[in-house]
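**Q** All letters in the sequence shown, in the order written, are residues 26 to 223 by my numbering.
We treat Cβ as the ideally placed atom computed from N, Cα and C, and that holds for glycine.
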Amino acid sequence: MVHFTSHEIRDIVISMLVISVVFAYVFSSSNQINFISLIPVTMISVGLGFVFHELAHKFVAIKYGFYAEYRLWVEGLVIAIISAAIGVVFAAPGAVYIYGQNISPEENGKISIAGPLTNIGLAVIFFVLSSLLTFSPILSIICSLGFTVNSFLAFFNLLPIFILDGAKVLKWNPVIWVITTGMALIMVAYPYIIPFLT
């Protein structure tokens with residue numbers, strides 16, 4: 026059974042709000058759009074991607090019988106705010122901590138890949154919606170940003186670096202790691218490739 030502590034809910038909400046605000050700040054600076062009006066946009070396009078990524082880890086861990094809880098990293102939130110002030114966002118607001126013994130490489134790999142797969146799924150949804158909602162500028166912005174950010178989140182988290190999901194996925198199944206990382210890379214590169222194909 027999935028259970029959320031009040032402390033965990035608080036950490037998720039704070040992390041989502043900070044991530045949404047810093048992305049709204051950076052996006053408004055580069056596009057001359059009102060910062061405040063962009064916060065609801067980034068909450069949908071970016072905040073949900075972050076939350077669903079972490080919840081995917083939690084749900085799969087619980088499926089395997091482990092206790093899992095999200096905890097924010099104050100340092101990560103501070104870094105996100107500072108990096109946004111210079112025009113980029115490096116966000117590591119927190120992570121799902123998994124408690125249990127004898128977690129197999131397969132279980133750890135499947136728990137880890139759940140987050141990036143969720144971002145890939147969200148990116149695909151935003152991409153499809155962007156072609157259907159061209160009549161609304163605000164919805165187009167949400168979908169465009171949602172596709173771009175979720176594609177990047179998937180690719181970044183699949184990098185084979187010790188603290189990221191990719192290292193655990195690679196250890197479990199290199200073929201699945203190559204396929205999912207390749208998908209994420211194509212999605213990240215898509216906006217840059219299209220101008221050369223049209």
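With distance defined between alpha-carbon atoms, name the residue in Gly134, Tyr122 and Ala209 nearest to Trp197.
**A** Nearest of Gly134, Tyr122 and Ala209 to Trp197, Cα basis: Gly134.
**Q** Closest by CA to Val203, which one among Pro141, Ala93, Val76 and Tyr217?
**A** The shortest Cα separation from Val203 among Pro141, Ala93, Val76 and Tyr217 belongs to Pro141.
**Q** To the nearest angstrom, report how far apart Ser176 and Val153 are at their CA atoms.
**A** In a straight line, the C-alpha of Ser176 is about 14 Å away from that of Val153.
**Q** Just the Cα atoms here: how many angstroms apart are Leu157 and Asn127?
**A** In a straight line, the C-alpha of Leu157 is about 47 Å away from that of Asn127.
**Q** For Ala120, list the residues DSSP reports as bridge partners.
**A** Answer is Arg96, bridged to Ala120.
**Q** Could you say which of Cys168, Thr173 and Tyr95 lies nearest to Asp36 if we only look at CA atoms?
**A** Per the Cα distances, Tyr95.
**Q** Going by beta carbon distance, what residues of the same chain come within less than 6 Å of Ser137, once the five residues before and after it are set aside?
**A** Asp190, Lys193 and Val194, listed in sequence order.
**Q** Leaving out the 5 sequence neighbours to the left and right, which residues in its chain are closer than 7 Å to Ile44 when beta-carbon positions are compared?
**A** The residues are Val71, Gly72, Phe75, Ala105, Ala116 and Pro118.
**Q** Under 8 Å by Cβ, that's how I've got Ala120 and Asn144 pegged, so tell me the actual separation to the nearest angstrom.
**A** Not confirmed; about 15 Å, so no contact.
**Q** Between Ile87 and Val27, how many whole angstroms is the CB-CB distance? I'm expecting something under 8 Å.
**A** That pair is a contact at about 6 Å.
**Q** Within the continuous alpha helix (DSSP H) that includes Ser137, where are the two ends?
**A** Here the alpha helix (DSSP H) through Ser137 covers Pro130 to Leu157.
**Q** Would you mind listing the alpha helix (DSSP H) stretches within the stretch 186–211 that are 4+ residues and don't spill past its ends, in chain order?
**A** You should have 190–197.
**Q** Buried or exposed: which applies to Ala132, given that a residue is buried once 16 or more other Cβ atoms fall within 10 Å of its Cβ?
**A** A small fix is needed here, since residue 132 is Glu in this sequence, not Ala. Buried, since its Cβ has 16 or more Cβ neighbours within 10 Å.
**Q** Count the other CB atoms, across all protein chains shown, that sit within 10 Å of the CB of Asn182; report buried if there are 16 or more and exposed otherwise.
**A** Flag for Asn182 reads buried.
**Q** Exposed or buried, what is Glu79 when buried is set at 16 or more other beta-carbons lying within 10 Å of its beta-carbon?
**A** Glu79 comes out buried.
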